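Novice:
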Amino acid sequence: MTTDRVATVFAPPVAVAWSPEGRAVRIIDQRRLPEEYVERDLRTVDDVCEAIATLAVRGAPAIGVAGALGLAAAMAAHTVLSPRDFAARLEADADRIRRTRPTAVNLAWAVDRLLRVARRAGGNAEAVAALRTEAEAILNEDRDMCRRIGEHALPLIPDGARVLTHCNAGALATAGIGTALAPLYLCAELGRGIEVFVGETRPLLQGSRLTAWELTRAGIPVTVLTDGMSAALMRAGRIDCCIVGADRIAANGDVANKIGTYSVAVAARHHDIPMYVAAPTSTFDPRMPTGEDIIIEQRGRDEVTRGPLGVTAPSAAHVYNPAFDVTPAALVTAIISDRGVHRAPYDFSAMGDMAAAR
Ligand code: MRU
Numbered sequence: 095m096t097t098d099r100v101a102t103v104f105a106p107p108v109a110v111a112w113s114p115e116g117r118a119v120r121i122i123d124q125r126r127l128p129e130e131y132v133e134r135d136l137r138t139v140d141d142v143c144e145a146i147a148t149l150a151v152r153g154a155p156a157i158g159v160a161g162a163l164g165l166a167a168a169m170a171a172h173t174v175l176s177p178r179d180f181a182a183r184l185e186a187d188a189d190r191i192r193r194t195r196p197t198a199v200n201l202a203w204a205v206d207r208l209l210r211v212a213r214r215a216g217g218n219a220e221a222v223a224a225l226r227t228e229a230e231a232i233l234n235e236d237r238d239m240c241r242r243i244g245e246h247a248l249p250l251i252p253d254g255a256r257v258l259t260h261c262n263a264g265a266l267a268t269a270g271i272g273t274a275l276a277p278l279y280l281c282a283e284l285g286r287g288i289e290v291f292v293g294e295t296r297p298l299l300q301g302s303r304l305t306a307w308e309l310t311r312a313g314i315p316v317t318v319l320t321d322g323m324s325a326a327l328m329r330a331g332r333i334d335c336c337i338v339g340a341d342r343i344a345a346n347g348d349v350a351n352k353i354g355t356y357s358v359a360v361a362a363r364h365h366d367i368p369m370y371v372a373a374p375t376s377t378f379d380p381r382m383p384t385g386e387d388i389i390i391e392q393r394g395r396d397e398v399t400r401g402p403l404g405v406t407a408p409s410a411a412h413v414y415n416p417a418f419d420v421t422p423a424a425l426v427t428a429i430i431s432d433r434g435v436h437r438a439p440y441d442f443s444a445m446g447d448m449a450a451a452r
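Here the working numbering is used: position 131 in the sequence shown is 225, and no number is missing along the way.
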C-alpha cells in the first residue's frame, strides 16, 4: 500500500519549521486558530520560551522541534562570546527552554540532544554548526516518525470507522502529519470513509479549535463535542475506536496526555471500544517506571474561570487545572509508535535514546 500521495494531494499545515532565510523558527500561532491563520518567527530564547509557555506552539513533538530549532537559531548570535561564556550561555538557555513545560518528555529530549553534540564540538563556530545539524535532524525525524506511525496504525482503523480523538495530536502538534491523526489522514486519502469525533478539550479547546480546523481543512468529516458528551456517544454505539496522542509514556505503558484522556479511556473500556495511543519514539521515557512519577503541569485559574461567556466561576472558588492526566496502561489497547504496534506486556528499553543509537 502506498501512502505517498498524502503529501501531494493534501498539504498539512506546517506547525514548526525554519523561517525562509533559516535564521528563525517559523510557527503557526495556534492561539489565533481557527479564526486567524498567523505565522510568527521566533528569534531569541525569550521568544521561544514565551511561545511554548503560552501554547502558541504546542503538542509534545512540536515543542521539542521548536525548542531545538530555537536553541540552535539563538546560539548562532553568540559566536563572539569566549568559549567559556558561550558554553555557559548554552547550558542556561537550554535549561530555560527545558523548564517551560515539564510533562512532555520531547522537549527535554530534544534540548538534551543539542547539548550533547555541542559539548563535543571544538569551538563556538563548530558548536553552532553542530547545533543546527542536530536540530534539523530532529525536525526531519519527526516528519518521518509521523508518517510511519500513520502506516503502522492504518490496519487498526476499520473502513468507515467512527473515531473519537481528544485534544490535538495532528499536524499542528508535530512537524509532520501528526501522531493520532496520521492514520486518519491516510485513511481519508485512501477513501476509507472515516468520520472523526473530537472532544472540545477544555479549558484551551485544542480539540474544537485545532483538530477540527485541520481535519475540516483536509475535507475529513468531523463533529465537535463538549468533553462530557463522549461517554454518551459511546453508549449510543456511535464510536468504533478511540485514538489519542501522548506527552510521555512510562516504561510500564502508562500514558500522560491531555486532561480528559483518562475519562475517554475509562468510558471506552466500559463500552468495550479499543483505546489506541499513537506516539513517536521521542515521547517514550523508559527511565520513568510508571505514570505515577510523571510531573503534571499545573496551569493558571484564568484558563478555567474565563470563557466565551465571560467570567464562568466566582472568584472565591478554588480551581483545579492540571494540563494533563495519566491513563493507566491497563486501559490502553495498544500503543502505536514509528517502530510498530506495541501491546502489553511492554518492553520499551530499546526506545531510550535515539541520539545515542545514531
Ligand atoms: O497542552 P498541549 O496542547 O501541548 O497538549 C497536547 C497534547 O496533550 C497532545 O495530545 C500530545 O502532546 C500529543 S501531540 C502529538
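We put the beta carbon where it would ideally sit given N, CA and C, even for glycine.
If you're wondering where the values come from, they're calculated on a predicted model, not measured in any experiment.
Beta carbon of glycine 164: closer than 8 Å to some heavy atom of the ligand MRU?
Specialist: As a first step, residue 164 is located in the sequence shown; it is residue number 70 there, counting from the start. Glycine 164: no, Cβ never under 8 Å from the ligand MRU.
Novice: Quick one: grab the DSSP three-state call for valine 110.
Specialist: Here residue 110 refers to the residue found at position 16 when the sequence shown is read from its first residue. Reduced to three states, the DSSP call for valine 110 is strand.
Novice: Identify the residues that DSSP records as bridge partners of phenylalanine 180: which are they?
Specialist: Taking the sequence shown and counting its residues from 1, the one referred to as residue 180 is at position 86. In the DSSP output, where bridge partners are listed per residue, phenylalanine 180 has none listed.
Novice: Got a sec: does the ligand MRU put a non-hydrogen atom nearer than 8 Å to the Cβ of cysteine 261?
Specialist: For the purposes of this step, residue 261 is identified with residue 167 of the sequence shown, where counting begins at 1. Cysteine 261: yes, Cβ under 8 Å from the ligand MRU.
Novice: Runs of 3 residues minimum, wholly inside the stretch 402-452: which ones carry the beta strand (DSSP E) assignment?
Specialist: If we require 3 residues or more, the beta strand (DSSP E) runs fully inside the stretch 402-452 come out as 418-421, 428-431 and 434-436.
Novice: Quick check: what's the CA-CA separation for alanine 68 versus glycine 272?
Specialist: The first residue shown for the chain is 95 and the last is 452, placing residue 68 beyond what the model contains.
Novice: Roughly how many whole angstroms lie between the Cα atoms of valine 108 and threonine 268?
Specialist: Indexing the sequence shown from 1 puts residue 108 at position 14. Indexing the sequence shown from 1 puts residue 268 at position 174. Roughly 8 Å separates the two Cα atoms.
Novice: Would you identify the three-state DSSP class for cysteine 335, choosing helix, strand or coil?
Specialist: To locate residue 335, count along the sequence shown from 1; it is residue 241. In this structure, cysteine 335 counts as strand in the three-state DSSP scheme.
Novice: Expressed to the nearest angstrom, what Euclidean distance is found between the alpha-carbon atoms of alanine 255 and aspartate 334?
Specialist: Locating residue 255 in the sequence shown gives position 161, where the first residue counts as 1. Locating residue 334 in the sequence shown gives position 240, where the first residue counts as 1. The straight-line gap from Cα to Cα measures roughly 6 Å.
Novice: Report yes if the C-beta of glutamine 300 is less than 8 Å from at least one heavy atom of the ligand MRU; otherwise report no.
Specialist: Your numbering for residue 300 matches position 206 in the sequence shown. Yes; taking the cut-off as 8 Å, the Cβ of glutamine 300 has a heavy atom of the ligand MRU nearer than that.
Novice: Taking the alpha-carbon of arginine 393 as reference, which of Val413, Met239 and Arg242 has the nearest alpha-carbon?
Specialist: Residue 393 sits at position 299 when you count from the first residue of the sequence shown. Measuring from the Cα of arginine 393, the nearest candidate turns out to be Val413.
Novice: For alanine 145 and arginine 190, what's the separation of their Cα atoms in angstroms?
Specialist: Looking up residue 145 in the sequence shown gives position 51. Looking up residue 190 in the sequence shown gives position 96. Each residue's alpha carbon lies about 13 Å from the other.
Novice: Quickly, what does DSSP pair glycine 293 with across the bridge? List them, please.
Specialist: Within the sequence shown, the letter at position 199 stands for residue 293. According to DSSP, glycine 293 bridges with His260 and Leu319.
Novice: Verify whether the separation of the beta carbon atoms of arginine 213 and alanine 181 is less than 9 Å.
Specialist: Position 119 of the sequence shown, counting from 1, holds the residue named residue 213. Position 87 of the sequence shown, counting from 1, holds the residue named residue 181. Going by C-beta atoms, arginine 213 is nearer than 9 Å to alanine 181.
Novice: Just reading off the beta strand (DSSP E) that methionine 369 is part of, what are its end residues?
Specialist: Along the sequence shown, read from residue 1 onward, the residue named residue 369 stands at position 275. Element bounds for methionine 369: 369-372.
Novice: Which value, in whole angstroms, describes the spacing of the CA atoms of valine 103 and glutamate 245?
Specialist: Residue numbering aside, residue 103 sits at position 9 when the sequence shown is read from its first letter. Residue numbering aside, residue 245 sits at position 151 when the sequence shown is read from its first letter. Because valine 103 sits at a pLDDT of 48, beneath the cut-off of 50, its placement in the model cannot be relied upon, and the point is left open.
Novice: Evaluate tyrosine 131 with the Cβ neighbour count: other Cβ atoms within 10 Å of its Cβ, from every protein chain shown; 16 or more gives buried, anything less gives exposed.
Specialist: Taking the first residue of the sequence shown as position 1, residue 131 is located at position 37. Exposed, because fewer than 16 other Cβ atoms sit within 10 Å of the Cβ of tyrosine 131.
Novice: Tell me whether isoleucine 146 sits in a helix, a strand or coil according to DSSP, three-state version.
Specialist: Locating residue 146 in the sequence shown gives position 52, counting from the first residue. Isoleucine 146 falls in the helix class under three-state DSSP.
Novice: Give me the residue from Ala202, His172, Pro439 and Thr148 with the minimum Cα distance to glycine 158.
Specialist: Counting from one through the sequence shown, the residue named residue 158 turns up at place 64. Checked all of Ala202, His172, Pro439 and Thr148; the closest Cα to glycine 158 is Ala202.
Novice: Go ahead and pull the three-state DSSP assignment for isoleucine 122.
Specialist: Within the sequence shown, numbered from 1, the residue matching residue 122 stands at position 28. Correct three-state label for isoleucine 122: strand.
Novice: Which same chain residues, not among the five before or five after valine 100, have their C-beta less than 7 Å away from its C-beta?
Specialist: The residue labelled residue 100 in the question sits at position 6 within the sequence shown. Legend: pLDDT at valine 100 = 48, less than 50; position of this residue unreliable, value from coordinates given subsequently. Excluding sequence neighbours, valine 100 sits near Ile271, Tyr279, Leu280 and Glu283.
Novice: For arginine 378, which residues in the same chain have their Cβ closer than 6 Å to its Cβ, ignoring the five residues on either side in sequence?
Specialist: Counting from one through the sequence shown, the residue named residue 378 turns up at place 284. It should be pointed out that residue 378 corresponds to phenylalanine in this sequence rather than to arginine. The answer, listed in chain order, is Ile343, Phe442 and Met445.
Novice: Using C-beta distances below 6 Å, list every residue in its chain close to leucine 309, excluding the 5 sequence neighbours before and after it, in chain order.
Specialist: Residue 309 sits at position 215 when you count from the first residue of the sequence shown. For leucine 309, where only same-chain residues beyond five positions count, the Cβ hits under 6 Å are Val290 and Val316.
Novice: Which residues share a DSSP beta bridge with alanine 344?
Specialist: Start at 1 with the first residue of the sequence shown, and residue 344 comes out as number 250. According to DSSP, which records beta bridges pairwise, alanine 344 is partnered with Asp379.
Novice: Would proline 277 and isoleucine 337 be called neighbours here (beta carbons separated by less than 9 Å)?
Specialist: One-based indexing of the sequence shown puts residue 277 at position 183. One-based indexing of the sequence shown puts residue 337 at position 243. In contact: proline 277 and isoleucine 337 (Cβ atoms closer than 9 Å).
Novice: Is it true that the CB of leucine 127 sits closer than 9 Å to the CB of leucine 266?
Specialist: As a first step, residue 266 is located in the sequence shown; it is residue number 172 there, counting from the start. As a first step, residue 127 is located in the sequence shown; it is residue number 33 there, counting from the start. For leucine 266 and leucine 127, yes; Cβs fall inside 9 Å.
Novice: Does the ligand MRU have a heavy atom nearer than 8 Å to the CB of leucine 258?
Specialist: Taking the first residue of the sequence shown as position 1, residue 258 is located at position 164. Flag unset: Cβ of leucine 258 not near the ligand MRU.
Novice: Just list the alpha helix (DSSP H) runs in the stretch 189-226, keeping only unbroken ones of 4 residues or longer that don't cross its boundaries, in chain order.
Specialist: Listed in chain order, they are 199-214.
Novice: I need the straight-line Cα distance from aspartate 141 to aspartate 366, nearest angstrom please.
Specialist: Counted from its first residue, the sequence shown places residue 141 at position 47. Counted from its first residue, the sequence shown places residue 366 at position 272. Roughly 45 Å between the two C-alpha positions.
Novice: Is aspartate 341 near the ligand MRU, judged by its Cβ being under 8 Å from some heavy atom?
Specialist: To locate residue 341, count along the sequence shown from 1; it is residue 247. Flag set: Cβ of aspartate 341 near the ligand MRU.
Novice: Shorter than 8 Å, the distance from the beta carbon of leucine 149 to the closest heavy atom of the ligand MRU, or not?
Specialist: The residue labelled residue 149 in the question sits at position 55 within the sequence shown. Yes, since a heavy atom of the ligand MRU falls inside the 8 Å radius drawn around the Cβ of leucine 149.
Novice: According to the Cβ coordinates, are phenylalanine 418 and glutamate 391 closer than 9 Å?
Specialist: Position 324 of the sequence shown, counted from the start, is the residue given in the question as residue 418. Position 297 of the sequence shown, counted from the start, is the residue given in the question as residue 391. Yes, the pair counts as a contact, with Cβ atoms nearer than the cut-off.
Novice: Is any non-hydrogen atom of the ligand MRU found closer than 8 Å to the C-beta of alanine 362, if you look at the structure I gave you?
Specialist: As a position in the sequence shown, residue 362 is number 268, starting the count at 1. Flag unset: Cβ of alanine 362 not near the ligand MRU.
Novice: Give the C-beta separation of glycine 354 and histidine 260 to the nearest angstrom, bearing in mind that I take them to be a contact with Cβ-Cβ under 8 Å.
Specialist: Counting from one through the sequence shown, the residue named residue 354 turns up at place 260. Counting from one through the sequence shown, the residue named residue 260 turns up at place 166. That pair is a contact at about 6 Å.
Novice: Would you mind giving the Cβ-Cβ distance between arginine 120 and alanine 111, rounded to the nearest angstrom? I have them listed as a contact below 8 Å.
Specialist: In the sequence shown, counting from the first residue as 1, residue 120 sits at position 26. In the sequence shown, counting from the first residue as 1, residue 111 sits at position 17. That belief holds up - the Cβ atoms of arginine 120 and alanine 111 are roughly 5 Å apart, short of 8 Å.
Novice: Out of Pro374, Val292 and Ala156, state which residue places its alpha-carbon closest to the alpha-carbon of isoleucine 314.
Specialist: The residue given as residue 314 occupies position 220 in the sequence shown. For the residues Pro374, Val292 and Ala156, the minimum Cα distance to isoleucine 314 belongs to Val292.
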